[in-house]
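Our numbering numbers the first residue of the sequence shown as 1 and each following residue consecutively.
Where a beta carbon is used, it is the ideal one built from N, C-alpha and C, also for glycine.
Remember, predicted model here, so these are calculated numbers, not experimental data.
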Amino acid sequence: MTMMTPQPLDDDQQGDEEMLVPNSDSVEGPQPLVEGPLPMEEENAGILENQVLGELQASRFSWTIENFSRLNVKKLYSDVFAVGSYKWRVLIFPKGNNVNALSMYLDAADCATLPYGWNRNAQFRLAIVNQMDNKLTMKKDSQHQFNQREVDWGFTSFMPLSELYDTNKGYLMNDTCIVEADVAVREVNDYWIYDSKKETGFVGLKNQGATCYMNSLLQTLYHIPYFRKAVYHMPTTENDNPTGSIPLALQSLFYKLQYHDTSVATKELTKSFGWDTYDSFMQHDVQELNRVLSEKLEDKMKGTVVEGTIQKLFEGNHMNYIECINVDFKSTRKESFYDLQLDVKGCKDVYASFDKYVEVERLEGDNKYHAEGHGMQDAKKGVLFIDFPPVLQLQLKRFEYDFMRDTMVKINDRYEFPLELDLDRDNGKYLSPDADRSIRNLYILHSVLVHSGGVQGGHYYAFIRPKLSDLWYKFDDERVTKEDVERALEEQYGGEEEFPQTNPGYNNTPFKFTKCSNAYMLVYIRVSDKDKIICDVDEKDIAEHLQIRLKKEQEEKEDKRRYKAQAHLYTIIKVARDEDLKEQIGKDAYFDLVDHDKVRNFRIQKQMRFNIFKEEVAKEFGIPVQFQRFWMWAKRQNHTYRPNRPLTPQDEAQAVGSFREISSKVHGAELKLFLEVEFGLDLQSIPLPEITKDDILLFFKLYDPEKEELRYAGRLLVKGTAKPIEILSKLNEMAGFAPDEEIELFEEIKFEPSVMCECLHKRASFLSSQIENGDIICFQKRPSDKWKDKIRFPDVPSYLEYVKNRQVVHVRTLERPREDAFSLELAKNHTYDDVVEKIAQQLGVEDPSKIRLTPHNCYSQQPKPNPIKYRSVDHLQDMLMHHNQISDILYYEVLDIPLPELQCIKNLKVAFHHATKDEAAVVNIRLPKQSTVGDVLNEIKKKVELSQPNAELRLLEVFCHKIYKIFPILEKIENINDQYWTLRAEEIPEEEKNLGPNDHLIHVYHFTKEVSQNQVQVQNFGDPFLLVIHEGETLADVKLRIQKKLQVQDEEFSKWNFALLSLGCPEYLEDSNVVSSRFQVQRIEVYGVWKQYLGLEHSVTTPKRAYTIVNQTRHTLDHQAVRISN
């Protein structure tokens, strides 16, 4: 998933397992490290549109970094190394890129010198070498399309800093760290003339930012002709709007895919879903979208000629059963499905997944089944299929929750799927006794949807064979290419890929990469239904009104294309008139004179003479040519834009294209003009007065302080030697005032970056006041003393200052970040105190200091993660600014204590573990930053139930299911971090209070072993704890105490193994071993994971300990599900 909006880097980070570069303000998915615009899937697809991948080349680079712990830099680059013709380097953040983990990326070293539009594809593995045991080397794989927007890619949380800097772990030896990078690349050739329609007969879909998952699904559904025909036959009318009708939007999309020659946009369809821009930048799950869309279409088809199509195509049924072994009792339940979720982990192929799906579970022992009328009975439980659908959709469970890591992980294991799938195999072992055996359940593969990337983000595309022939096509957003069966099948199995070394004279042993691209969804079509499903779909299936509508759209698109192709022959002349100034000033515009985008414009051939153009103006406005005088606009140094000089007869005899304002510009040339016309008493145009070099054209605005209104009053030609006092009567006449009304004059000079509007001396000549053509003079009645103090803005300068700074702010609560609570008109120069006071007044909060504000992220359309500190910004404008963009949204919270007081307070979230209860209470502690750990423990005692009144507590730091620290009672809490580490408070057992001289306090952790990339790795899980070991105590004795402490049943406990672990290597213990003799004495206060611990090896189970929240105050955002609201 990638984003289209430009988004520089924020300080805030989210630690990730896979493929994360530094992110900004909760934007989901991989992001680039460098500041600047984020990549676009659409743009990347446009680059890919013109590429052919060449031969694969691979190499390994090793980087030795000495004095690693003494590095005093935020980031560090390696030397440049080459793989093929591409130059690379490794980038690391030794102290983490705003996370408590080493951050490491692969960087395109020569990006600054590469041509526009460059890109390169790479698979790579980054590693920190374990110098004590190479098997423990930390490795992570990824693949990425590098381009000018994404010059680096990698892992923000590569490995915890605590592990890296722990000298006992082996990653730092003699303060030296060794980094390795294995990189494999394919040379890329650019073919800018590639045409998907011409090469394949098909077109792609444009990506809106993160909609590749939707594009791959839509292409798959479109290429099921029976489904496409049903969509065409859904009733729609010519009065329907595609953005409000899902059937019409889908019909329009399918029509364009079928008949257009270029890639098709999906915005109409997503708007019909009720999605906004934010939804288009939120990547979702293909399976989730498939189900929601199917349900919505099924509902839309009800009562039409195509009712039931979704069920006919995709619905199958299976039977859940429980059958008693010793008595005649069987319970069954029929359930329908539109797709099947198949396990990938532990299964070599689709057949193995089906075997697992129908696997019989034995219900016996403590898990017996209660059969009605027979009591508790041994039983068999399982699933069998009653029937399969004509179109079988298989969702492969590539993503699973890992209890050991307490996170979602992607399963990249090799998983095979056949071209032909026989679900009648082994005498129909998947079928229920009630299944119709006359139906042959032989399926042929139609499409393979692929996910490339990791848990936090990635890219979707599809391999489809539309006619079920040997021709496969890859649909990757806008690009469609022909592919062979190997690319569609074998290369999407996942697993590992081995590459040979290519650097001569270097270690040429091959190395392996884990494939991050693999099949995620499979679509099979039953062979017996093939001819019915892969049917012909032509124009007779498409409603006439739809054809007319879409052909008209295509004609308009073609007109626009021709217009664009001929643009260099034409120019745009924008003509502003008094009528435009009257319409805009005081409504849309307050400064300068007019918005040229809102005036009448003419598209004129550049070779046309200007006096011929005047005839066009005469026809348009009804003003004879002889009564027209045009003025050229000019941009001044103070950034204002004013009429500057009248066109001469010599100017008007020229061709339009010869004007300097047009001829000096190659593209987008425009000519902006002001049309001066005089009208008589009968409102008919009359001859214009002659103009001399001494004449100045002035424009006048009238301000009404009582109504707070500004409007255009008119214009005058004045002599430069004349004085303002000489035209006062004319100005009063313009305004409708009495001839002798006292008025004040102000010159509007500029408005950027600040307003400059100064009083104009009435008795000084216009020339001496430096008044020139196009200047604006604002005037108003002289304010009387009686109402001067009652008016907010008594004069023009104060009113213009108000207009310049006024800002309507949409105020929202953090709990509902997408809904306006209310709006306020504020000023950009309002101080912090002004803003919180206005919001407090609106909310009825007496103390404004209890209002805490959070700024808005313009790119993610969400609150920024960090609130605004008390008086940390000077003005409202600073609050609304986000990377050179001005937002109009603020979020607020009402605190229970003033913000200045809160900022002197440390908030800690502590999990309290009761001595005898399974349930842990999460306690929110709020104390002054100078408080100690002892103060925290005393506060916890007030909030929780203790096993006894005088129980003593301690505070631990837990990370990755290991105890890293026991906090001293007197340690200050200011620097304790509960964001990345878990703080745990617990009662100190009595036996620990009186340790004998030969007793040991050891760490005990749960663990299991996992094979990853041909290496056995120890994975910890569950709650770690401390245990006293007495001198001479055997493992058998210790086991009894552990079983009692953990309350584990005998049968389960008998399966556990016990081991001494050091540096991740288990040494298994026997019951007769004396445990204390195996442990080295270690100080309790030591920071970091202990060198040794007692490991309890057993299968991973769901955590037994539940958590309740005590005094939770902060709101968290939930996962955004797919929604189709229309």
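Query, Result
"Going by other Cβ atoms of all chains shown within 10 Å of its Cβ, with 16 needed for buried, is HIS370 buried or exposed?", "exposed"
"Which term fits LYS356, buried or exposed, when burial requires 16 or more other beta carbons within 10 angstroms of its beta carbon?", "exposed"
"Rank GLN131, LYS271, VAL811, TYR799 by C-alpha distance to the C-alpha of ASP820 and give the top, closest one.", "VAL811"
"Can you give me the C-alpha to C-alpha distance between SER294 and PHE254, rounded to a whole angstrom?", "16 Å"
"Where do the N-terminal and C-terminal ends of the beta strand (DSSP E) with GLU1127 fall, by residue?", "The displayed coordinates of the chain run from 1 to 1126. Any statement about residue 1127 would go beyond what the structure contains."
"Buried or exposed: where does MET376 fall if 16 or more other Cβ atoms within 10 Å of its Cβ makes it buried?", "exposed"
"Mind reading off the beta-carbon distance from ASP141 to ARG120? Whole number of angstroms is fine, and I expect it under 8 Å.", "Actually they do not touch by this definition, with Cβ atoms about 17 Å apart."
"Short of 6 Å in beta carbon distance, which residues of its chain neighbour GLU66, apart from the five on each side in sequence? Order them along the chain.", "THR176"
"So the beta strand (DSSP E) PRO968 belongs to, where does it begin and stop?", "Careful: PRO968 lies outside any beta strand (DSSP E) and carries neither H nor E."
"If you draw a straight line from the C-alpha of VAL575 to the C-alpha of PRO753, how long is it?", "27 Å"
"Would you give the residue range spanned by the beta strand (DSSP E) that ALA82 belongs to?", "81-83"
"Would PHE679 be called buried (16 or more neighbouring beta carbons within 10 Å of its own) or exposed?", "exposed"
"What are the boundary residues of the alpha helix (DSSP H) that includes PRO649?", "649-652"
"For GLU555, count neighbouring C-beta atoms within 10 Å of its own C-beta (all shown protein chains included) and say buried if the count is 16 or more, exposed if not.", "exposed"
"If you draw a straight line from the C-alpha of ARG763 to the C-alpha of ASN829, how long is it?", "35 Å"
"Leaving out five residues on either side along the sequence, give the residues of the same chain with a beta carbon under 6 Å from the beta carbon of TYR506.", "With a pLDDT of 49 at TYR506, under the threshold of 50, the modelled position of that residue is not reliable, and no figure is offered here."
"Compute the Euclidean distance between the alpha carbons of LEU1096 and LYS169, then round it to the nearest angstrom.", "20 Å"
"Taking the beta carbon of LYS429 as the centre, do at least 16 other beta carbons fall within 10 Å, making it buried, or is it exposed?", "exposed"
"Should SER947 be labelled buried (16 or more other beta-carbon atoms within 10 Å of its own) or exposed?", "exposed"
"If you check the beta carbons only, do HIS961 and ASN1057 fall under 8 Å apart?", "no"
"Just mark PRO247 as buried or exposed, buried being the case when its beta carbon has 16 or more other beta carbons within 10 Å.", "buried"
"Bridge partners of ASN1057, per DSSP?", "GLU1097"
"Whether or not the stretch 238-245 and the stretch 208-221 are in contact is what I'm after, with contact meaning three or more pairs of Cβ atoms, one per stretch, closer than 8 Å; do they touch?", "no"
"Is the shortest distance between the beta-carbon of THR982 and the beta-carbons of chain C less than 8 Å?", "Note that chain C does not occur in the displayed structure, where there is just one protein chain."
"Helix or strand or just coil, what does DSSP make of THR236?", "coil"
"Among the candidates VAL151, LYS296, GLN547, whose CA atom is the shortest distance from the CA of ALA112?", "VAL151"
"Going by DSSP in three states, LYS598 sits in which element: helix, strand or coil?", "helix"
"Give me the DSSP bridge partner(s) of PHE1021.", "HIS1006"
"With GLY428 as the anchor, note down where its beta strand (DSSP E) starts and where it stops.", "Where GLY428 is concerned, there is no enclosing beta strand (DSSP E), although the alpha helix (DSSP H) it sits in stretches over 425-428."
"Confirm, please, whether the CB-CB distance from VAL922 to TRP879 is below 8 Å.", "Looking at the sequence itself, residue 879 is Met, so the reference to Trp does not match. Against a cut-off of 8 Å, the Cβ pair of VAL922 and MET879 comes out as no contact."
"Which residues does DSSP pair with ASN130 in a beta bridge?", "BP columns for ASN130 are empty, so no partner."
"What does a CB cutoff of less than 8 Å around ALA1106 pick up in its chain, not counting 5 residues either side in sequence?", "Unreliable placement is indicated for ALA1106, whose pLDDT of 44 sits below 50; no coordinate value is reported for it."
"Looking at ARG852: is its Cβ nearer than 8 Å to the Cβ of LEU895?", "yes"
"Per the contact definition of three or more C-beta pairs closer than 8 Å, is the stretch 301-316 in contact with the stretch 483-496?", "no"
"How should ASP597 be labelled, buried or exposed, when 16 other C-beta atoms within 10 angstroms of its C-beta is the threshold for buried?", "exposed"
"Quick check: the stretch 709-723 against the stretch 739-753, are at least 3 beta-carbon pairs closer than 8 Å?", "no"
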